[in-house]
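Structure record follows, encoded as structure tokens.
Number of protein chains: 4
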Amino acid sequence: MRIAILTTGGDAPGMNAAIRAVVRRALSFDWEVWGIERGFQGMFEDDFHRMEHGAVSGIINHGGTILKTLRCPGFREEEFRRECYRKLKQRQIEGLVVIGGDGSLSAGRAISLETGIPISFVPASIDNDIAGTDETIGFDTAINTALDAIDKIRDTATSHERVFLIEVMGREKGFLALAVGLAAGAEIILVPEIPFRTEEVLAQFLEGRKKGKRSMIAVVAEGAAEVSTLAKEIQAGYPGEVRYSILGYVQRGGAPSARSRRLAFLFGARAVEALAEGKGAVFVGLEANKVVARNLLDTCEKKELDQESFRLAHILAA
Amino acid sequence: MRIAILTTGGDAPGMNAAIRAVVRRALSFDWEVWGIERGFQGMFEDDFHRMEHGAVSGIINHGGTILKTLRCPGFREEEFRRECYRKLKQRQIEGLVVIGGDGSLSAGRAISLETGIPISFVPASIDNDIAGTDETIGFDTAINTALDAIDKIRDTATSHERVFLIEVMGREKGFLALAVGLAAGAEIILVPEIPFRTEEVLAQFLEGRKKGKRSMIAVVAEGAAEVSTLAKEIQAGYPGEVRYSILGYVQRGGAPSARSRRLAFLFGARAVEALAEGKGAVFVGLEANKVVARNLLDTCEKKELDQESFRLAHILAA
Amino acid sequence: MRIAILTTGGDAPGMNAAIRAVVRRALSFDWEVWGIERGFQGMFEDDFHRMEHGAVSGIINHGGTILKTLRCPGFREEEFRRECYRKLKQRQIEGLVVIGGDGSLSAGRAISLETGIPISFVPASIDNDIAGTDETIGFDTAINTALDAIDKIRDTATSHERVFLIEVMGREKGFLALAVGLAAGAEIILVPEIPFRTEEVLAQFLEGRKKGKRSMIAVVAEGAAEVSTLAKEIQAGYPGEVRYSILGYVQRGGAPSARSRRLAFLFGARAVEALAEGKGAVFVGLEANKVVARNLLDTCEKKELDQESFRLAHILAA
Amino acid sequence: MRIAILTTGGDAPGMNAAIRAVVRRALSFDWEVWGIERGFQGMFEDDFHRMEHGAVSGIINHGGTILKTLRCPGFREEEFRRECYRKLKQRQIEGLVVIGGDGSLSAGRAISLETGIPISFVPASIDNDIAGTDETIGFDTAINTALDAIDKIRDTATSHERVFLIEVMGREKGFLALAVGLAAGAEIILVPEIPFRTEEVLAQFLEGRKKGKRSMIAVVAEGAAEVSTLAKEIQAGYPGEVRYSILGYVQRGGAPSARSRRLAFLFGARAVEALAEGKGAVFVGLEANKVVARNLLDTCEKKELDQESFRLAHILAA
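Protein chains in written order, with my numbering: chain D, 46 to 363; chain V, 46 to 363; chain R, 46 to 363; chain F, 46 to 363.
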């Protein structure tokens with residue numbers, strides 16, 4: 046059997062570990078594996094290269110993706126897709142593994158519907174915003190990276206007795222913000238899913254100050270508020286110093302955590318096994334701590350934020 | 046309500062985060078919380094002190110336990126226990142939270158059976174060797190600590206083209222070794238649960254070398270083999286250089302990972318809520334990614350190593 | 046002898062290690078040591094407390110400062126200072142150790158001139174922008190923190206084949222930017238001391254791209270350019286994707302590096318020894334790898350950026 | 046000009062950064078650069094390969110050495126050396142850069158004396174045990190790695206109220222042990238250069254315990270004592286628990302610290318510049334914070350441990 050593999054969308058730590066798992070598992074079946082560079086763009090441009098055992102040596106602990114990645118709006122155009130499919134056909138690809146985020150899911154579905162080529166989708170995203178899996182590859186690493194940064198900022202917050210607003214990634218979903226805020230013991234967590242009023246946030250800071258807290262931290266998902274504006278608004282009513290910090294791209298990189306590597310390992314292997322089993326189009330995910338391979342074309346219910354943890358985090362930090 | 050809390054057995058990263066969660070959750074119910082120093086030894090010696098909100102400030106990211114811990118063989122003696130119970134009674138403790146490892150479980154059960162005081166047991170252990178929970182507080186941190194060390198040793202292994210045997214903790218169980226070995230991409234993983242012969246290990250190294258691998262790594266649980274002896278035996282039949290390293294106590298310490306803090310947060314809060322609900326004697330655990338509070342007196346089936354992952358790890362690294 | 050100690054200005058990792066060194070060295074002479082909270086503000090408010098051996102236990106590896114710190118513009122007013130001096134006199138302080146940055150230097154000099162109280166100044170700053178010492182406490186830690194972040198961003202830059210502009214601290218001086226850029230292998234380093242034109246920067250990126258470089262990094266001191274504007278300008282002329290990231294406050298915190306702790310150790314001890322020797326007003330610094338205690342009232346030549354390293358960094362990364 | 050470069054002896058973090066600096070600096074002169082694999086063994090076996098700009102891309106932050114390294118006792122034999130020189134001649138090598146530790150110094154001198162080929166020696170060693178330079182490439186990284194491990198062990202030491210003996214590298218020299226112990230705030234530091242009696246060490250622990258210290262740490266250079274034996278001897282007279290840990294090979298690996306990369310940058314470039322200047326045989330080093338290129342054939346005075354810091358570390362931790 047001859048399969049191809051690509052990474053697409055925003056990069057996430059553990060993508061390399063997943064590539065390794067896919068390649069090695071496929072080779073264990075004596076398959077031929079072709080890597081596609083820069084996601085669908087490379088498919089379009091016929092940028093395929095053969096991957097042997099050594100091609101994935103020494104990458105398990107590297108952030109990013111050796112196959113490169115691109116957000117590829119072109120794929121929404123039929124013309125572009127048709128060219129891609131032509132390349133898959135010319136290369137006689139009999140199975141495809143797509144490692145990517147939420148935005149790549151519809152691409153995966155389109156390929157399956159429009160070509161019938163068996164496809165395994167492996168969810169990798171630092172945002173954990175993909176329905177159908179409890180956790181995505183890279184999420185755990187991003188939490189730890191952000192947490193490490195906040196632990197550092199806490200040092201300076203405490204020394205200067207300041208309030209700090211810290212923006213973490215998450216435009217539409219607050220999974221990362223909640224996980225980080227909870228682990229950091231943040232006094233306040235703001236997520237896109239749960240509306241808030243600035244006065245409430247200010248009131249909480251004022252109450253904390255009244256209780257004797259001199260330094261406090263709010264973790265803010267980028268989609269929840271414009272953090273520089275929010276800082277100004279809070280500052281207007283808060284007697285101490287208010288500062289903000291945007292963690293930014295650093296959250297995407299770094300050596301994957303053990304857990305991100307473990308998911309990469311399990312998902313990558315399962316993706317190949319699903320192809321071996323002739324499953325057609327599958328979505329590999331984690332459900333109740335078990336790896337599952339569900340039908341890629343089934344729609345899953347939207348994944349919801351754990352409101353109970355959200356509530357509890359505020360109680361414990363109050 | 047007046048409750049007491051103690052940590053016992055080997056320390057694990059996240060114990061402090063668990064203490065914080067217990068204290069803060071209890072205070073949110075307006076309870077009185079008493080910390081006991083040095084586990085059951087401190088109970089015996091009446092070393093109790095009142096814990097308020099501020100007592101657990103700034104500890105969420107610290108390894109170890111501010112309540113100190115001791116392995117306490119004395120607790121097996123009836124005389125000792127009776128003295129402990131006297132102290133609990135004198136102090137009018139109406140609920141007890143015990144944070145500890147496998148060895149403390151029977152102590153928790155004894156207290157429940159012999160005093161009837163409601164008790165919540167929170168499993169914390171870097172070994173993850175406690176039946177009844179998929180994961181213990183501290184396990185994820187220890188995996189990452191060991192992994193970080195192995196990533197470093199891999200540098201020198203590669204530069205010198207050496208085989209390295211690396212001992213990680215785990216006297217009776219290979220959970221840590223498997224998790225670490227899998228994430229490190231170790232060529233060989235040795236665990237106490239799965240017997241092996243030295244010749245087989247040697248044969249695998251020789252085969253790897255024949256395939257062109259110049260540096261290889263074996264992760265060895267301390268209970269699987271005496272690593273210095275094993276290194277000597279492998280060296281006797283291996284043409285390249287063989288070295289070993291024992292990671293040791295470093296695996297117990299360090300800032301808890303996000304996941305260890307999360308479990309601490311969830312378990313600690315649940316432990317208190319179980320007391321609030323009048324559950325009697327509970328064991329708080331993670332099951333299929335959900336926090337559960339089961340009857341502490343129920344015996345759980347032994348937790349088994351994931352043999353499929355074990356097998357797969359060797360396939361991918363071969 | 047009775048001395049007081051305070052930290053002032055922006056916090057820097059290693060301040061706690063310096064406090065420990067000062068307190069312990071003073072106690073080794075059987076002196077009395079008083080800690081002042083929140084810098085000169087605490088002096089003004091008479092916020093002194095006695096420090097014994099245990100007061101500095103377990104802080105050597107913590108970022109920030111247990112004595113807290115404040116930028117204190119009030120100290121420029123004579124009235125404020127007079128009140129401070131009254132407190133020093135009432136408390137019968139016979140020697141003062143000031144740990145702080147460039148802005149605190151003149152405060153130190155004022156105290157010496159206006160009160161005659163012996164004073165030892167210990168330079169601590171993540172910017173390394175204090176003349177009279179080759180290196181300040183905290184500088185090495187900040188370099189490593191920024192470097193770690195850039196190593197992470199490099200992962201995503203490479204995966205997405207992007208150009209990244211990364212802002213590090215340094216409003217007036219490029220010491221941090223140069224050290225970080227050099228260690229990160231950044232293609233371009235921009236510092237306040239060396240003017241540049243945007244077209245030149247763009248030209249270098251274009252040339253790099255022509256040579257086959259798909260991802261490149263510029264390290265930009267905050268005083269050298271407004272990084273979001275610069276990114277827009279570069280993007281206007283650059284065919285690939287350009288992104289920017291502001292590292293921000295994370296650079297101030299974290300466990301001090303070995304070197305920052307070593308300087309803290311050496312400087313702190315020397316500060317006390319200078320008081321013991323009756324030196325009057327001293328500035329403790331590192332000069333040609335030796336700890337020196339020079340006259341605090343002497344003005345030092347401005348410290349210059351190492352232009353040769355600057356030039357060389359660009360040659361090696363070109 | 047055509048030069049060759051090799052790494053030899055024990056690997057040290059920053060060797061890759063040094064290789065990068067050498068290659069890039071040489072290419073900036075339009076020279077030809079040849080990498081030799083596995084040190085002198087590769088020279089003997091004619092294992093040379095051409096290195097272009099891209100050969101050293103993306104390695105600045107990797108531990109180990111891409112050129113591999115071997116301790117090579119064969120080089121002491123005339124026959125072996127003659128074969129090596131033949132290869133250098135056949136390859137028309139006009140300059141050689143040797144990156145290595147103390148043991149490679151005599152090899153470098155032999156080559157210079159026996160062939161007259163210009164040679165630049167770059168000291169890289171985690172032990173910092175090379176006379177003629179204040180600091181070696183890799184030393185700062187190893188200190189920080191060991192320090193990080195000890196910070197972790199301190200967590201468990203404190204929680205269990207134990208005394209810990211921690212062995213760090215250093216068979217003949219205590220530079221690493223002193224630097225680590227000082228930065229860790231270790232109560233006791235044992236180095237090969239300064240004899241001690243076990244009773245004294247025990248007495249210090251007992252005195253610490255009398256003062257209220259429940260957990261203490263001794264940093265022990267491997268050449269100072271057999272740490273397992275010492276632990277047993279201390280335990281025999283100490284009422285609390287005594288444990289030991291051997292940090293081992295982890296100290297060799299890991300991403301180089303900023304400072305190790307900086308030295309690599311400066312030394313590597315200077316090594317090439319010395320060849321360009323026709324200096325003959327040079328040793329590149331750091332002296333009073335300046336990079337110097339001295340005559341390789343000059344013998345330097347042995348580098349001495351800073352006894353004053355040693356004494357002071359014990360005073361501050363007492």
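Just so you know, even glycine gets a beta-carbon here, dropped at the ideal spot from N, CA and C.
These numbers were taken from a predicted model, which means no experiment stands behind them.
Counting along the chain, residue 77 of chain R sits inside the beta strand (DSSP E) bounded by residues 77-81. The beta carbon of residue 288 of chain V lies closer than 6 angstroms to those of 207 and 209 in the same chain, with the five residues before and after it left out. Ranked by how close their Cα comes to the Cα of residue 185 of chain F, the residues R/304, R/241, R/339 and R/340 have R/304 in first place. One Cα belongs to residue 216 of chain D, the other to residue 237 of chain D, and the distance between them is close to 7 angstroms. A buried status is given to residue 144 of chain F, since no fewer than 16 other beta-carbon atoms sit within 10 Å of its beta-carbon.
Sequence-ordered contacts of the segment 102-132 of chain R with chain D read 107, 108, 109, 110, 111, 112, 113, 114, 115 and 116 [C-beta pairs closer than 9 angstroms].
Cα atoms of residue 165 of chain F and residue 52 of chain F: separation of roughly 12 angstroms, rounded to the nearest angstrom.
Check the Cα spacing between residue 60 of chain F and each of F/319, F/112 and F/324: the tightest is with F/112. Pairing residue 321 of chain V with residue 246 of chain F, the inter-Cα distance amounts to about 51 angstroms. Burial check for residue 274 of chain D: the Cβ neighbour count within 10 Å stays below 16, so the residue is exposed. Residue 357 of chain F: member of the alpha helix (DSSP H) spanning 352-362, first to last residue. Take the alpha-carbon of residue 78 of chain V and the one of residue 105 of chain V: they are about 18 angstroms apart.
Just measuring C-alpha positions, the residue of D/102, D/140 and D/94 sitting nearest residue 157 of chain D is D/140.
Within chain D, the residues placing a beta-carbon under 8 angstroms from that of residue 310 of chain V are 227, 228, 354, 357, 358 and 361, ordered along the chain. Within the segment 211-252 of chain V, the runs of alpha helix (DSSP H) that reach at least 4 residues and sit entirely inside it are, in chain order, 220-229.
The C-alpha of residue 286 of chain D is placed about 7 angstroms away from the C-alpha of residue 280 of chain D.
Within the segment 176-216 of chain F, the complete beta strand (DSSP E) segments at least 3 residues long are 207-213, listed from N- to C-terminus.
Taken in chain order, the whole beta strand (DSSP E) runs of length 3 or more contained in the segment 106-166 of chain D are 140-145.
Cβ atoms of residue 101 of chain F and residue 190 of chain F stay farther apart than 8 angstroms, at about 23 angstroms.
With respect to the C-alpha of residue 67 of chain R, the residue from R/267, R/142 and R/361 having the closest C-alpha is R/142. Nearest to residue 350 of chain V by C-alpha distance, out of V/81, V/50 and V/227, is V/227.
Taking CB atoms only, residue 303 of chain V has a neighbour in chain D less than 8 angstroms away. Annotation for residue 318 of chain F: the continuous alpha helix (DSSP H) segment containing it runs 303-321. The DSSP assignment places 272-282 as complete runs of the alpha helix (DSSP H) inside the segment 258-294 of chain F, in order along the chain (cut-off: 4 residues).
With the criterion set as a beta carbon lying under 7 angstroms from some beta carbon of chain F, the members of the segment 181-196 of chain R are 185, 188, 189, 192 and 196, in sequence order.
Taking a beta-carbon distance threshold of 8 angstroms, residue 322 of chain F does not count as an interface residue toward chain V. Residue environment for residue 342 of chain V: exposed (fewer than 16 other C-beta atoms within 10 angstroms of its C-beta). Setting aside the 5 residues that flank it on each side, residue 192 of chain R is surrounded in the same chain by 225, 228 and 229, each with a C-beta closer than 7 angstroms to its C-beta; the list follows chain order. With contacts defined as CB atoms closer than 8 angstroms, residue 243 of chain D and residue 271 of chain D fail to qualify as a contacting pair. Looking at the DSSP output, residue 51 of chain D bridges to D/143. In the three-state reduction of the DSSP assignment, residue 72 of chain F falls in the helix class.
Straight across, the Cα-Cα distance linking residue 182 of chain R with residue 306 of chain R is about 8 angstroms. With fewer than 16 other Cβ atoms from the protein chains shown falling within 10 Å of its own Cβ, residue 257 of chain R counts as exposed. Bounds of the beta strand (DSSP E) holding residue 330 of chain F are 326-332. According to DSSP, residue 93 of chain R shares a beta bridge with R/81. Per DSSP, the continuous beta strand (DSSP E) segment holding residue 335 of chain F begins and ends at 335-340.
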